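Numbered according to the numbering used here, the first sequence spans residues 26 to 480.
A virtual CB, placed ideally from N, CA and C, is assigned to each residue, including glycine.
No experiment lies behind these values; they were computed from the predicted model shown.
Have a look at the structure below, then the notes.
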Amino acid sequence: MSLHIFNTESRQKEMFTPINPNQVGMYVCGITVYDLCHIGHARVMVVFDTVVRHLRTLGYSVNYVRNITDIDDKIIKRALENGESIQALTGRMIAEMHADEMAMNVLRPDEEPKATEYMDEIKLMIETLVQKGFAYPAKNGDVYFKVKSFEQYGRLSGKNIDDLEAGARVEVNNIKQDPMDFVLWKASKENEPSWNSEWGAGRPGWHIECSAMATKCLGNHFDIHGGGMDLSFPHHENEIAQSECATGEHYVNTWMHCGFVRIDDEKMSKSLNNFFTIKEVLKVFHPEVIRYFLLASHYRSPVNYSQENLESARASVGRLYSALELVAPAKATQNTAFEASFMAVMNDDFNTPKAMAVLFDLAKEINKSKDAGLAGLLVKLGNQIGLLEQDATTFFKSQPSQSELTDEAIEQLIVERKEARANKDFARSDEIRDLLSEQGIELLDSSEGTTWRKG
RNA sequence: GGCGGAAUAGCAAAGUGGCUAUGCAGUGGAUUGCAAAUCCAUCUACCUCGGUUCGACUCCGGGUUCCGCCUCCA
Numbered sequence: 026m027s028l029h030i031f032n033t034e035s036r037q038k039e040m041f042t043p044i045n046p047n048q049v050g051m052y053v054c055g056i057t058v059y060d061l062c063h064i065g066h067a068r069v070m071v072v073f074d075t076v077v078r079h080l081r082t083l084g085y086s087v088n089y090v091r092n093i094t095d096i097d098d099k100i101i102k103r104a105l106e107n108g109e110s111i112q113a114l115t116g117r118m119i120a121e122m123h124a125d126e127m128a129m130n131v132l133r134p135d136e137e138p139k140a141t142e143y144m145d146e147i148k149l150m151i152e153t154l155v156q157k158g159f160a161y162p163a164k165n166g167d168v169y170f171k172v173k174s175f176e177q178y179g180r181l182s183g184k185n186i187d188d189l190e191a192g193a194r195v196e197v198n199n200i201k202q203d204p205m206d207f208v209l210w211k212a213s214k215e216n217e218p219s220w221n222s223e224w225g226a227g228r229p230g231w232h233i234e235c236s237a238m239a240t241k242c243l244g245n246h247f248d249i250h251g252g253g254m255d256l257s258f259p260h261h262e263n264e265i266a267q268s269e270c271a272t273g274e275h276y277v278n279t280w281m282h283c284g285f286v287r288i289d290d291e292k293m294s295k296s297l298n299n300f301f302t303i304k305e306v307l308k309v310f311h312p313e314v315i316r317y318f319l320l321a322s323h324y325r326s327p328v329n330y331s332q333e334n335l336e337s338a339r340a341s342v343g344r345l346y347s348a349l350e351l352v353a354p355a356k357a358t359q360n361t362a363f364e365a366s367f368m369a370v371m372n373d374d375f376n377t378p379k380a381m382a383v384l385f386d387l388a389k390e391i392n393k394s395k396d397a398g399l400a401g402l403l404v405k406l407g408n409q410i411g412l413l414e415q416d417a418t419t420f421f422k423s424q425p426s427q428s429e430l431t432d433e434a435i436e437q438l439i440v441e442r443k444e445a446r447a448n449k450d451f452a453r454s455d456e457i458r459d460l461l462s463e464q465g466i467e468l469l470d471s472s473e474g475t476t477w478r479k480g
């Protein structure tokens with residue numbers, strides 16, 4: 026049983042074999058930090074977090090690198106609008122991003138290189154490309170990559186250079202030798218942050234940042250490179266061109282791209298202004314509910330964000346936790362068919378929806394058998410994909426809710442209801458149940474007494 | 001125009017050349033003072049038209065519709 030991953034470049038599932046046995050180098054394109062992260066960003070974070078967790082479960086030592094783009098046109102523009110410095114803006118947004126990740130139970134990457142801290146590597150790579158004849162400085166101080174000098178350009182996206190030119194959506198620019206050429210170094214305008222270089226003051230283009238950082242952190246040739254679908258062209262195509270021309274080595278073995286989060290069947294994005302930030306959604310839904318929602322579809326498929334879908338996800342996660350509330354987990358039972366299926370489906374290109382189905386089958390078995398070892402196994406397998414990390418009671422009490430009631434006030438009402446029930450005053454008892462129900466608080470009676478939960 | 005991806009029950013979402021996916025919701029029953037949770041049973045499927053096949057939702061071909069990329073984008 027071995028891991029198979031769908032490689033965007035070959036458009037098929039391939040058996041995964043790391044370059045160095047037992048070690049995996051993985052680079053994922055991170056965020057441009059000019060605003061808060063939205064649910065689309067959350068998907069990339071959660072998907073690749075799940076990939077890393079599974080690779081580690083398989084015993085690989087993973088070096089997970091995810092960059093931060095902390096210099097770019099949008100950042101400059103936003104800082105100016107806000108009347109704050111670029112560092113203040115990016116520093117704030119990076120802190121917010123880390124807070125979002127922590128809330129979502131996303132493990133921090135092993136390295137988070139920032140573009141502004143890799144200027145030497147970036148300039149060196151551009152220099153090499155110019156020296157080797159793959160790039161040229163233009164008269165205005167920009168430096169461009171000569172797309173036609175790389176014969177294999179288009180091999181990742183399956184695009185043909187001639188078709189691209191016919192598309193006529195490329196920037197009109199008489200400074201470039203060819204309309205397809207893309208910028209490696211941008212001459213700075215007045216009042217823009219800049220770094221000195223042999224081509225004059227400027228800053229790097231977006232594509233070269235990733236090539237330089239990935240190469241510096243993981244070497245010229247590494248195992249996995251990931252990102253959102255929209256990055257496969259032109260960003261990743263350009264990375265291949267830059268890196269392979271500069272180093273002369275094959276850049277990446279496996280390309281992974283995750284699908285979009287949609288709103289009303291349209292891509293969620295900042296430019297369309299139809300996005301929900303992670304923070305907004307966390308106000309309404311528990312982080313594990315959001316994580317479940319994102320993993321309940323295959324990572325390459327689109328997911329549609331909606332209130333209904335999140336509510337359904339909440340009920341589903343609740344079913345898993347109900348089993349754990351019913352049976353306190355003990356040490357996980359070893360060598361079960363459940364675990365074998367779970368591993369098998371995860372090894373099949375990270376089929377998390379099928380992995381969930383295994384979890385539900387397991388939950389059903391726990392409900393029937395009351396087997397504490399199986400409950401432990403449910404927790405163990407859930408944890409492998411970043412779910413079921415909480416105690417069941419804590420989970421049910423920590424659902425975001427509109428309730429104004431304090432825990433003490435709720436307990437108070439439960440005591441009052443207990444007395445009413447003892448006196449067979451069921452009218453008052455039901456009144457209290459309804460009152461709490463309106464606040465989103467559910468009461469659960471059992472032989473051991475009454476407990477409550479939110480949601 | 002070029003390249004790529006989708007169409008599965010009320011909703012969400014996997015998958016398979018013949019064998020119950022799974023979850024939410026619904027229905028009937030057990031259980032409960034009433035509920036919740038749970039268990040048992042149960043109703044809803046594979047866009048369309050052809051072809052291959054003993055047999056296709058699954059393979060092949062033609063349609064239709066939707067989405068993404070080709071410009072910054074996760």
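Non-local beta-carbon contacts of residue 172 in its own chain, meaning distances under 6 Å to residues more than five positions away in sequence, involve 178, 205, 206 in chain order. Annotation for residue 366: 383 place their beta carbon closer than 6 Å to its own, counting only its chain and skipping 5 residues before and after. In this model, residue 79 and residue 448 are separated by some 55 Å (Cα to Cα). Taking C-beta separations shorter than 6 Å and ignoring five residues to either side along the sequence, the partners of residue 269 in its chain run 276, following chain order.
Comparing C-alpha distances from residue 232 to each of 264, 154, 239, 221 shows the shortest one belongs to 264. Membership of residue 119 in the alpha helix (DSSP H) is indicated by the continuous run 111 to 128.
Assigned with DSSP and collapsed to three states, residue 381 falls in helix.
Counting every other CB atom within 10 Å of its CB across the protein chains shown gives residue 371 a total of 16 or more, marking it as buried. Secondary structure note for residue 279: its beta strand (DSSP E) is the uninterrupted segment 277 to 283. At a Cβ-Cβ threshold of 9 Å, residue 300 and residue 254 do not count as neighbours. Non-local beta-carbon contacts of residue 329 in its own chain, meaning distances under 6 Å to residues more than five positions away in sequence, involve 287 in chain order. As a beta-bridge residue in DSSP terms, residue 136 pairs with 90.
Counting C-beta pairs closer than 8 Å gives fewer than three between the region 334 to 350 and the region 156 to 164, which falls short of the contact rule. Rounded to whole angstroms, the Cβ separation of residue 381 and residue 452 is 42 Å, and the two are not in contact under 8 Å. Restricted to the region 44 to 98, the alpha helix (DSSP H) segments that are unbroken, complete and at least 4 residues in length are 64 to 82, listed in chain order. Sorting 120, 36, 75 by C-alpha distance to the C-alpha of residue 58 places 120 at the top. Rounded to the nearest angstrom, the gap between the Cα atoms of residue 226 and residue 149 is 15 Å. Contiguous beta strand (DSSP E) elements confined to the region 410 to 475 occur at 466 to 471, taking only those with 3 or more residues. The Cβ atoms of residue 53 and residue 69 lie closer than 9 Å to each other. Residue 137 and residue 273 have their C-alpha atoms some 26 Å from each other. Residue range 168 to 170 is occupied by the beta strand (DSSP E) that includes residue 170. Under the three-state reduction of DSSP, residue 375 is assigned to coil, being neither helix nor strand.
Per the Cβ contact rule, the region 207 to 224 is not in contact with the region 237 to 254 (fewer than 3 Cβ pairs under 8 Å). For residue 28, there is no enclosing beta strand (DSSP E), as DSSP marks it with neither H nor E. For residue 95 against residue 131, the beta-carbon gap comes to about 19 Å, at or over 8 Å, which does not count as contact.
Where residue 228 is concerned, there is no enclosing alpha helix (DSSP H), although the beta strand (DSSP E) around it starts and stops at 227 to 229. The Cβ atoms of residue 401 and residue 431 do not sit closer than 9 Å to each other. Annotation for residue 343: the continuous alpha helix (DSSP H) segment containing it runs 332 to 351.
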